[in-house]
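Note sheet for the following structure.
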Amino acid sequence: QRAQACSFLAASPQMGKSGRQKSAGDPSSASSIFTFASPTSPPPPTPLVPGRSKIDIPLRMWDFLQCDPKRCTGQRLARRGLMQAMALKQPFKGLVLSPNGKKSVSPEDGPILASSGLSVIDCSWARLDEIPFAQMKSGEHRLLPFLVAVNPVNYGKPSKLSCAEAAAATLFICGRQDIARRVMSEFGWGEEFFKVNAELLDMYAACADSAEVVEKQNEWLLKVEKEAEDRKLGNC
56 QRAQACSFLA ASPQMGKSGR QKSAGDPSSA SSIFTFASPT SPPPPTPLVP
106 GRSKIDIPLR MWDFLQCDPK RCTGQRLARR GLMQAMALKQ PFKGLVLSPN
156 GKKSVSPEDG PILASSGLSV IDCSWARLDE IPFAQMKSGE HRLLPFLVAV
206 NPVNYGKPSK LSCAEAAAAT LFICGRQDIA RRVMSEFGWG EEFFKVNAEL
256 LDMYAACADS AEVVEKQNEW LLKVEKEAED RKLGNC
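Per my numbering, the sequence shown runs over residues 56 to 291.
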């Protein structure tokens, strides 16, 4: 039986594959931290007005067919001609969003993105143990920094982004905001992703490299955690 929604496969820097945060505060508080700044339920769909920007960067995905096709954002982008599925062992030299990554996506990856494109791993968060990560050696593997999902299935959940959200985040951070918005224009909730994550996306896009992205991420998480604690204590 297929899962209800797809996911990109990546974890924030300083996180393990299980999603456990290794620094910058207790991961169990991450969701509650962000709910102070974001609604806890998805907004009603907005009228869909697809963008017209040409996509001059190859967008690919390894599709493991674990997701409900009606909800799978990667398959939707493929049907619209914006993303292309590829075989497991097909050569690929671009960025790959994967737990196999050793560092975060950053603006430093812009040249790789421009020359060789981006691939996501389309599968269910509930079935990660079925994914043959060891066979995915092509490309430059990267993690995504902390962001909050806005897709209808995982709205408000830290790091549980859909394929479309993950691709858009990478494009935005690497300086291709035009293509990022083109990708998300295919979804009625797409613009909400940029609104909810505006501060984070702008912050990451202004960094020089992966190390600075992780540094800024952890500083932001600590700041927001402290603000949440102050609210509980009535200190603000």
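The beta-carbon is built from N, C-alpha and C at its ideal position, and this holds for glycine as well.
Discussion item. Looking at the strands, I want to know which residues DSSP matches up with residue 140.
Written reply: Indexing the sequence shown from 1 puts residue 140 at position 85. DSSP lists 116 as the bridge partner or partners of residue 140.
Worksheet item: Of the residues 273, 276, 246 and 226, which one's Cα is nearest the Cα of residue 163?
Response: In the sequence shown, the residue the question calls residue 163 occupies position 108. Closest by alpha carbon: 226.
Item to complete: Measure the C-alpha to C-alpha separation of residue 83 and residue 201 and round it to an integer number of angstroms.
Response: Your numbering for residue 83 matches position 28 in the sequence shown. Your numbering for residue 201 matches position 146 in the sequence shown. In this prediction, residue 83 has a pLDDT of 31, which is less than 50 and means its spatial position is unreliable; what the coordinates show is noted afterwards. Spanning the two alpha carbons is a distance of roughly 14 Å.
Discussion item. Beta-carbon within less than 7 Å of residue 106's beta-carbon, same chain only, minus the 5 sequence neighbours each way: which residues are those?
Written reply: For this step, residue 106 is matched to residue 51 along the sequence shown. Reliability of the predicted coordinates at residue 106 is poor, the pLDDT of 46 falling under 50, and no value is obtained from them.
Worksheet entry | Cross-strand partners of residue 197 (DSSP beta bridge) | Taking the first residue of the sequence shown as 1, we reach residue 197 at position 142. 152.
Worksheet item: So, using beta-carbon positions, are residue 195 and residue 148 closer together than 9 Å?
Response: As a working mapping, residue 195 is identified with position 140 in the sequence shown. As a working mapping, residue 148 is identified with position 93 in the sequence shown. Between residue 195 and residue 148, the CB-CB gap stays under 9 Å.
Discussion item. In the DSSP assignment, the alpha helix (DSSP H) including residue 275 goes from what residue to what residue?
Written reply: Along the sequence shown, one-based indexing puts residue 275 at 220. Here the alpha helix (DSSP H) through residue 275 covers 265 to 288.
Practice prompt. Compute the beta-carbon to beta-carbon distance between residue 113 and residue 172, rounded to the nearest angstrom, for a pair I have assumed lies under 8 Å.
Written response: Here residue 113 corresponds to residue number 58 of the sequence shown, with the count starting at 1. Here residue 172 corresponds to residue number 117 of the sequence shown, with the count starting at 1. With a Cβ gap of about 3 Å, residue 113 and residue 172 count as contacting.
Practice prompt. Tell me whether the beta-carbon of residue 271 lies closer than 9 Å to the beta-carbon of residue 258.
Written response: Taking the first residue of the sequence shown as position 1, residue 271 is located at position 216. Taking the first residue of the sequence shown as position 1, residue 258 is located at position 203. Here residue 271 is near residue 258, since their CB atoms are less than 9 Å apart.
Worksheet entry | Reference residue 128, options 204, 198 and 274, closest by Cα | Position 73 of the sequence shown, counting from 1, holds the residue named residue 128. Of the listed residues, the one whose Cα sits closest to residue 128 is 204.
Discussion item. Tell me the DSSP secondary structure of residue 173 in three-state form.
Written reply: By one-based count along the sequence shown, residue 173 stands at place 118. In the three-state reduction of the DSSP assignment, residue 173 falls in the strand class.
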